[in-house]
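Asker: When the count follows our numbering, it moves up by one through the sequence shown with no breaks and lands on 463 for the last residue.
C-beta atoms are modelled at their ideal positions from N, C-alpha and C, and glycine is treated no differently.
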Amino acid sequence: KKVLGEEHPDTLSSMNNLAVLYDSQGRYADAEPLYLRALELRKKVLGEEHPDTLSSMNNLAHLYDSQGRYCDAEPLYLRALELSKEVLGEEHPHTLNSMKNLASSRASSGAWSDAESLFARASRLEERWLASLFFGLSPDRRRWFRSRAESGIVALCTLAGSAGDSSPAAETALERVIW
Numbered sequence: 285k286k287v288l289g290e291e292h293p294d295t296l297s298s299m300n301n302l303a304v305l306y307d308s309q310g311r312y313a314d315a316e317p318l319y320l321r322a323l324e325l326r327k328k329v330l331g332e333e334h335p336d337t338l339s340s341m342n343n344l345a346h347l348y349d350s351q352g353r354y355c356d357a358e359p360l361y362l363r364a365l366e367l368s369k370e371v372l373g374e375e376h377p378h379t380l381n382s383m384k385n386l387a388s389s390r391a392s393s394g395a396w397s398d399a400e401s402l403f404a405r406a407s408r409l410e411e412r413w414l415a416s417l418f419f420g421l422s423p424d425r426r427r428w429f430r431s432r433a434e435s436g437i438v439a440l441c442t443l444a445g446s447a448g449d450s451s452p453a454a455e456t457a458l459e460r461v462i463w
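#1: Quick check on the burial criterion: 16 or more other C-beta atoms within 10 angstroms. Buried or exposed for R412?
#2: Output the distance between the C-alpha atoms of S308 and S350, rounded to the nearest integer angstrom.
#3: Helix, strand or coil: which one does DSSP assign to A357?
#4: In the structure shown, what three-state DSSP assignment does K327 receive?
#5: For L344, count neighbouring C-beta atoms within 10 Å of its own C-beta (all shown protein chains included) and say buried if the count is 16 or more, exposed if not.
#6: Terminal residues of the continuous alpha helix (DSSP H) containing K384?
#7: Buried or exposed: where does L305 fall if 16 or more other Cβ atoms within 10 Å of its Cβ makes it buried?
#8: Look at A387 and A399 and say whether their C-beta atoms are less than 7 Å apart.
#9: Kindly list the residues whose CB is nearer than 7 Å to the CB of H334, restricted to its own chain and excluding five residues on each side of it in sequence; keep chain order.
#10: Which same chain residues end up closer than 7 Å to M299 when comparing Cβ atoms and leaving out the 5 residues on each side of it in sequence?
#11: Out of R405, K285, A313 and G331, state which residue places its alpha-carbon closest to the alpha-carbon of E374.
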């Protein structure tokens, strides 16, 4: 901050990274003001559509999600996803991560049907994106990349298991995504 100034992109990255560290340590009260400030300044300096700004939106949403503050997280996840689609395209890895983050949040909040459709869509788009990158690969390599595209299914199963959710909606969501 002293050398580069508070609004320098490197300072903003450091601010965001420190917030990520605090978040990972469960120090939410320390992380939140840093996330908020980094997001505010990134919007001002880089613009709302810049990938670093979108990353800050996702990070702050994740913090809220971690605390069970789904009503605070969802608008940020939705905005990051909307802008990422516009700026980077629907099949871009950052957009797919935003989609999976929103799906994970919805699963955590018990909105299994929404989570299922988002995870399935992200999986299909990721598979298509990977296929475009690796056209002409052997069937074995294509199967390996397809398994990577199905990471949303694993996340959904993990969330269902950790939530101890055996509701019909959760079971139906898992069955639909897996089959």
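Answerer: By the coordinates alone:
#1: As a first step, residue 412 is located in the sequence shown; it is residue number 128 there, counting from the start. With fewer than 16 other Cβ atoms within 10 Å, it is exposed.
#2: Locating residue 308 in the sequence shown gives position 24, counting from the first residue. Locating residue 350 in the sequence shown gives position 66, counting from the first residue. If you take the alpha carbons of S308 and S350, they lie about 10 Å apart.
#3: By 1-based counting over the sequence shown, the position of residue 357 is 73. In this structure, A357 counts as helix in the three-state DSSP scheme.
#4: If you number the sequence shown from 1, residue 327 lands on position 43. K327: helix per DSSP, three-state reduction.
#5: Here the question's residue 344 lines up with position 60 in the sequence shown. Label assigned to L344: buried.
#6: Taking the first residue of the sequence shown as position 1, residue 384 is located at position 100. P377 to S392 is the span of the alpha helix (DSSP H), which, as asked, contains K384.
#7: On the sequence shown, residue 305 is found 21 positions in, with the first residue counted as 1. With fewer than 16 Cβ atoms within 10 Å of its Cβ, L305 is classed as exposed.
#8: Position 103 of the sequence shown holds residue 387. Position 115 of the sequence shown holds residue 399. Yes, Cβ-Cβ distance for A387 and A399 is below 7 Å.
#9: Here residue 334 corresponds to residue number 50 of the sequence shown, with the count starting at 1. So the qualifying residues of the chain are R326.
#10: If you number the sequence shown from 1, residue 299 lands on position 15. Same-chain partners within the cutoff: L318, R321 and A322.
#11: Counting from one through the sequence shown, the residue named residue 374 turns up at place 90. Selected option, being the one with the closest Cα: R405.
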